[in-house]
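There are 2 protein chains.
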Amino acid sequence: MTTTVREPRYRRMNETRCRTCSLSSLCLPLALEMPDMDQFDAIIQRHAPLKKGEVLIHQGTPFNSVFAVRSGSLKQVVNEKGEEQVSNFYLPSELIGLDAIDEGIYPGRVHALETTTICEIPFNKLDALAQQLPELRTQLYRSMSKELRDDRRMLRLLSSKTADEKLASFLISLSARFRRRGYSPYSFRLSMSRSDIGNYLGLAIETVSRVLGRLQQQGLVATSGREINILDMSALERLAEGEDAP
Amino acid sequence: MTTTVREPRYRRMNETRCRTCSLSSLCLPLALEMPDMDQFDAIIQRHAPLKKGEVLIHQGTPFNSVFAVRSGSLKQVVNEKGEEQVSNFYLPSELIGLDAIDEGIYPGRVHALETTTICEIPFNKLDALAQQLPELRTQLYRSMSKELRDDRRMLRLLSSKTADEKLASFLISLSARFRRRGYSPYSFRLSMSRSDIGNYLGLAIETVSRVLGRLQQQGLVATSGREINILDMSALERLAEGEDAP
DNA sequence: CGCTTTATTGAGAATCTTCAATCTTAGTGG
DNA sequence: CCACTAAGATTGAAGATTCTCAATAAAGCG
Numbered sequence: 001m002t003t004t005v006r007e008p009r010y011r012r013m014n015e016t017r018c019r020t021c022s023l024s025s026l027c028l029p030l031a032l033e034m035p036d037m038d039q040f041d042a043i044i045q046r047h048a049p050l051k052k053g054e055v056l057i058h059q060g061t062p063f064n065s066v067f068a069v070r071s072g073s074l075k076q077v078v079n080e081k082g083e084e085q086v087s088n089f090y091l092p093s094e095l096i097g098l099d100a101i102d103e104g105i106y107p108g109r110v111h112a113l114e115t116t117t118i119c120e121i122p123f124n125k126l127d128a129l130a131q132q133l134p135e136l137r138t139q140l141y142r143s144m145s146k147e148l149r150d151d152r153r154m155l156r157l158l159s160s161k162t163a164d165e166k167l168a169s170f171l172i173s174l175s176a177r178f179r180r181r182g183y184s185p186y187s188f189r190l191s192m193s194r195s196d197i198g199n200y201l202g203l204a205i206e207t208v209s210r211v212l213g214r215l216q217q218q219g220l221v222a223t224s225g226r227e228i229n230i231l232d233m234s235a236l237e238r239l240a241e242g243e244d245a246p
Numbered sequence: 247m248t249t250t251v252r253e254p255r256y257r258r259m260n261e262t263r264c265r266t267c268s269l270s271s272l273c274l275p276l277a278l279e280m281p282d283m284d285q286f287d288a289i290i291q292r293h294a295p296l297k298k299g300e301v302l303i304h305q306g307t308p309f310n311s312v313f314a315v316r317s318g319s320l321k322q323v324v325n326e327k328g329e330e331q332v333s334n335f336y337l338p339s340e341l342i343g344l345d346a347i348d349e350g351i352y353p354g355r356v357h358a359l360e361t362t363t364i365c366e367i368p369f370n371k372l373d374a375l376a377q378q379l380p381e382l383r384t385q386l387y388r389s390m391s392k393e394l395r396d397d398r399r400m401l402r403l404l405s406s407k408t409a410d411e412k413l414a415s416f417l418i419s420l421s422a423r424f425r426r427r428g429y430s431p432y433s434f435r436l437s438m439s440r441s442d443i444g445n446y447l448g449l450a451i452e453t454v455s456r457v458l459g460r461l462q463q464q465g466l467v468a469t470s471g472r473e474i475n476i477l478d479m480s481a482l483e484r485l486a487e488g489e490d491a492p
């Protein structure tokens with residue numbers, strides 16, 4: 001590891017390391033000390049960025065790796081009997097593929113919503129390292145647990161809320177995820193289409209449009225295409241919780 | 247461990263062991279050989295059965311253990327701003343509490359729907375043992391991954407299906423879970439009320455009633471109170487997939 | 001700059017919910 | 001053992017929300 005020549009090829013493409021990655025405090029190596037982080041870093045495979053629309057994972061292919069999003073965003077689409085359903089969005093620092101461990105195949109197609117860079121983490125190496133590093137093991141449990149909790153929150157959202165509440169919750173969730181990684185929670189750009197949002201939330205695309213219009217009229221948000229400005233966060237939160245219904 | 251006297255008190259209450267448990271092939275020790283299973287067995291805490299309605303976990307209490315259901319069933323209820331939402335049902339061999347690891351507190355109240363016995367597994371001991379036993383570690387990942395996948399399936403169900411499809415999916419899911427542990431997939435008893443089902447599926451209780459009536463009229467199932475008989479599984483599956491809509 | 005995709009808006013139709021009344025079941029105590 | 005009560009389940013009718021169909025507008029892409 002002393003000369004550039006000994007570096008594997010993918011290193012040449014991208015000199016990024018976990019220790020210099022701005023997301024490391026949100027990602028799997030979160031709790032690792034420097035020497036441990038370098039060990040972790042060594043198992044990561046980094047690839048050329050995905051262009052918009054490019055597929056990272058094809059549905060049904062064998063599970064070998066989990067993937068951490070470094071920049072950009074992706075959606076997971078599950079195809080069931082011809083029906084396509086958006087079942088998740090992935091933003092930077094989030095892990096893709098944890099839902100594939102059990103069956104050993106990826107349950108859906110995952111593709112980039114914009115130019116996206118990814119860290120691939122071979123799972124057998126991750127597990128071997130996790131055996132040695134309790135902090136990494138803990139973080140892996142926590143990542144999976146967090147996804148479980150987020151999914152349950154989503155379940156509650158879908159099973160009990162009106163269209164307005166769903167959309168408010170969706171925007172707040174995105175907002176919180178942007179805030180967490182240092183971006184403005186008030187102003188951001190949706191990388192997904194209205195159709196994706198509708199499909200994800202179980203709403204017709206027209207309903208998504210109408211609700212966004214309604215939220216805008218009420219002065220809660222301002223939208224311009226895919227640009228979102230949250231004008232009244234607390235009112236939006238109240239709406240998401242179903243407290244006031246105008 | 248040579249004399250009965252040295253056994254801790256809860257052992258006296260229940261001589262059950264993993265190696266004699268009929269669920270062991272579905273539960274965490276699934277992949278363990280005998281000596282390893284005994285090690286696992288030693289960290290389990292077994293308690294007196296919960297009576298119907300008794301609370302296993304209070305929402306917001308600190309996470310220390312995961313719980314495996316040995317017999318009976320439970321529901322998880324999340325209370326958010328006074329609104330109560332059923333977010334999961336747990337049947338024998340399923341693990342409770344995996345969604346609590348990340349935040350370190352249990353996200354909902356869990357109580358017994360009927361007389362229920364539980365194995366408590368202190369998480370720090372489980373993790374310590376998982377460090378030594380790769381098979382146990384794998385099984386823990388798989389359990390969490392399976393829950394993730396199940397939750398995603400549920401998300402798709404909630405976001406895209408009609409009331410009839412939701413209920414058909416719900417019955418098929420229960421059926422599959424009974425089949426998996428050796429019970430009849432065609433004839434079983436619901437331990438949850440119509441109200442619980444409706445709350446869980448995002449339907450009014452009246453809708454649950456009406457849909458069950460409809461399914462009965464169509465000859466797909468026969469119901470008598472909480473007794474369910476599935477008469478035409480393939481038609482029910484087709485309905486759940488949204489293929490034919492009469 | 002034109003073309004394709006994506007988004008908005010309107011009107012009618014369908015589904016689900018709500019409200020209300022009735023029926024059934026399960027649990028309790030005489 | 002039966003009656004009684006409370007909780008759970010069913011059924012009907014009216015109302016609300018969301019969906020579908022359709023037409024138009026805007027935006028993104030080559």
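If you're matching them up, the sequences are chains A and B in order.
Here the numbering used here is used: the first residue of the first sequence is 1, the next is one more, and so on.
Here the numbering used here is used: the first residue of the second sequence is 247, the next is one more, and so on.
Beta carbons: idealized from backbone N, C-alpha and C, even for Gly.
These numbers were taken from a predicted model, which means no experiment stands behind them.
Item, Value
"Supposed contact pair H111(A) and L56(A) - C-beta distance, whole angstroms, cut 8 Å", "6 Å"
"Any C-beta of chain B under 8 Å from that of Q85(A)", "yes"
"Status (buried if at least 16 other CB within 10 Å, exposed otherwise) for E227(A)", "exposed"
"Short Cβ contact (8 Å threshold) for Q59(A) with Y90(A)", "no"
"P35(A), DSSP secondary structure in three states", "helix"
"Neighbourhood of R427(B) by C-beta distance below 7 Å, restricted to the same chain and skipping five residues each side", "L269, L272, P338 and S339"
"Opening and closing residue of the alpha helix (DSSP H) in which Q378(B) lies", "F369 to Q378"
"Cβ of V77(A) within 8 Å of any chain B Cβ", "no"
"Residues sharing a beta bridge with L320(B), DSSP", "Y336(B) and A358(B)"
"Cβ of K81(A) within 8 Å of any chain B Cβ", "yes"
"Candidates C119(A), S169(A) and T162(A): closest to A42(A) by CA position", "C119(A)"
"Simplified DSSP assignment, three categories, for A409(B)", "helix"
"E227(A), enclosing beta strand (DSSP E) - first and last residue", "E227 to I230"
"Collapsed DSSP secondary structure at L394(B) in the structure displayed", "helix"
"Residues of its chain near G108(A), where Cβ-Cβ distance is below 7 Å and the 5 sequence neighbours each way are ignored", "Q59, Q76, V77, V78 and S87"
"Contact check, A235(A) vs E135(A), beta carbons under 8 Å", "no"
"Cβ neighbours of A100(A) in the same chain (closer than 7 Å, five flanking residues each side left out)", "F63, Y106 and P107"
"Residue(s) in a DSSP beta bridge with S433(B)", "N475(B)"
"Contact with chain B by E94(A), beta-carbon distance below 8 Å", "no"
"Cβ of L272(B) within 8 Å of any chain A Cβ", "no"
"S480(B) at chain A interface by Cβ criterion, 8 Å", "no"
"G350(B), buried or exposed, once every other Cβ within 10 Å from all chains shown has been counted against 16", "exposed"
"Continuous beta strand (DSSP E) stretch holding L215(A): start and end", "No beta strand (DSSP E) contains L215(A), which is instead part of the alpha helix (DSSP H) from I205 to Q217."
"Simplified DSSP state of T363(B), which is helix, strand or coil", "strand"
"Distance, K407(B) Cα to E241(A) Cα", "23 Å"
"E241(A) in three-state terms, based on DSSP", "coil"
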